[in-house]
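So the structure is just underneath, and the comments pick up after that.
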Amino acid sequence: MNTLAGSVRFALGDEAVAYGALFAGCRFFGGYPITPASEVAETLARELPNVDGYYVQFEDEIGSIAAVIGAARAGAKAMTATSGPGFSLMQENIGYAIMTETPCVVVDVQRSGPSTGQATKPAQGDILQARWGTHGDHEMIALAPNSVQECFDLTVECFNLSERYRHPVILLADGEIGHLREKLVIPVVDDVNIFPRAGVDPADEPGLIKPMEEFGQGRAVHIT
Numbered sequence: 035m036n037t038l039a040g041s042v043r044f045a046l047g048d049e050a051v052a053y054g055a056l057f058a059g060c061r062f063f064g065g066y067p068i069t070p071a072s073e074v075a076e077t078l079a080r081e082l083p084n085v086d087g088y089y090v091q092f093e094d095e096i097g098s099i100a101a102v103i104g105a106a107r108a109g110a111k112a113m114t115a116t117s118g119p120g121f122s123l124m125q126e127n128i129g130y131a132i133m134t135e136t137p138c139v140v141v142d143v144q145r146s147g148p149s150t151g152q153a154t155k156p157a158q159g160d161i162l163q164a165r166w167g168t169h170g171d172h173e174m175i176a177l178a179p180n181s182v183q184e185c186f187d188l189t190v191e192c193f194n195l196s197e198r199y200r201h202p203v204i205l206l207a208d209g210e211i212g213h214l215r216e217k218l219v220i221p222v223v224d225d226v227n228i229f230p231r232a233g234v235d236p237a238d239e240p241g242l243i244k245p246m247e248e249f250g251q252g253r254a255v256h257i258t
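Numbering (our numbering) for the sequence shown: 35 to 258.
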């Protein structure tokens, strides 16, 4: 990411999402190709190895989000990217991430219709699903970019919010923004606040975020 910081690029919205993830410290991406979100995965497949990160293409979207949750529990900032049909498949595990207070980012580059639908036609039909798609009573954080620059900026913010509130955060883009190519200004690292993964809460500094339990630990939720 050091080679990208401080640069100006002519980029797709999907590429800007990937660059924003790298800028925010994402080091694991698990996904399955789907139009119009595939360019997010393609960019991270190329760039993550350069920062000692991991890109894994899974058998489907269920495996993708499950692996993202596992990577986050193991200490990595993690993300997946999909579109409507894949977003539907992820809902149970998104609920699990909420229940276990697992920070992660889910990018939904929306398209028209269920199943194969109209894969190249943009739509914004996943808003209610983002809010209420998983089980039970829960809060949800979702951000929606309206430009290529915001694809970058809001992806960084998604990671910051997920770490701050220990919660999955959804980036609701669409095919129009994802495949739009515009000027993208990637800032210098020192100019942007990056929220770190919470460490140990010192006894003399109450109010800090409690660190996540390791595998096999935990009182309210037992992660195995």
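All residues carry an ideal CB built from backbone N, CA and C; glycine is no exception.
{"query": "Supposed contact pair isoleucine 220 and leucine 38 - C-beta distance, whole angstroms, cut 8 Å", "result": "5 Å"}
{"query": "Secondary structure of methionine 174, DSSP reduced to three states", "result": "coil"}
{"query": "DSSP-derived helix/strand/coil call for alanine 157", "result": "coil"}
{"query": "Closer than 8 Å to chain B by CB, arginine 107", "result": "In the structure shown, chain B does not exist; there is a single protein chain."}
{"query": "Touching by the beta-carbon criterion (3+ pairs, under 8 Å), the segment 214-228 and the segment 67-78", "result": "no"}
{"query": "Validate contact between the segment 102-111 and the segment 128-139 using beta carbons, cut 8 Å, 3 pairs", "result": "yes"}
{"query": "Environment of alanine 131 [buried if 16+ CB atoms lie within 10 Å]", "result": "buried"}
{"query": "Where the beta strand (DSSP E) containing threonine 116 begins and where it ends", "result": "111-116"}
{"query": "Other residues of its chain near glycine 87: CB distance less than 6 Å, five sequence neighbours each side excluded", "result": "Arg61"}
{"query": "Element boundaries [alpha helix (DSSP H), containing valine 219]", "result": "Careful: valine 219 lies outside any alpha helix (DSSP H), inside the beta strand (DSSP E) at 215-219."}
{"query": "Pick from Gln125, Ala52 and Ser117 that is closest to alanine 103, judged by C-alpha positions", "result": "Note on residue identity: the sequence assigns isoleucine, not alanine, to residue 103. Cα-wise, what sits closest to isoleucine 103 is Gln125."}
{"query": "Cβ separation of threonine 114 and glycine 64, assumed to be a contact under 8 Å, to the nearest whole Å", "result": "5 Å"}
{"query": "For aspartate 208, the three-state DSSP class (helix, strand or coil)", "result": "strand"}
{"query": "Alpha-carbon to alpha-carbon, proline 70 and alanine 176", "result": "19 Å"}
{"query": "Stretch pair the segment 157-174 + the segment 88-103: three plus CB contacts closer than 8 Å", "result": "no"}
{"query": "Unbroken beta strand (DSSP E) run spanning glutamine 251, endpoints", "result": "No beta strand (DSSP E) contains glutamine 251, which DSSP labels as neither H nor E."}
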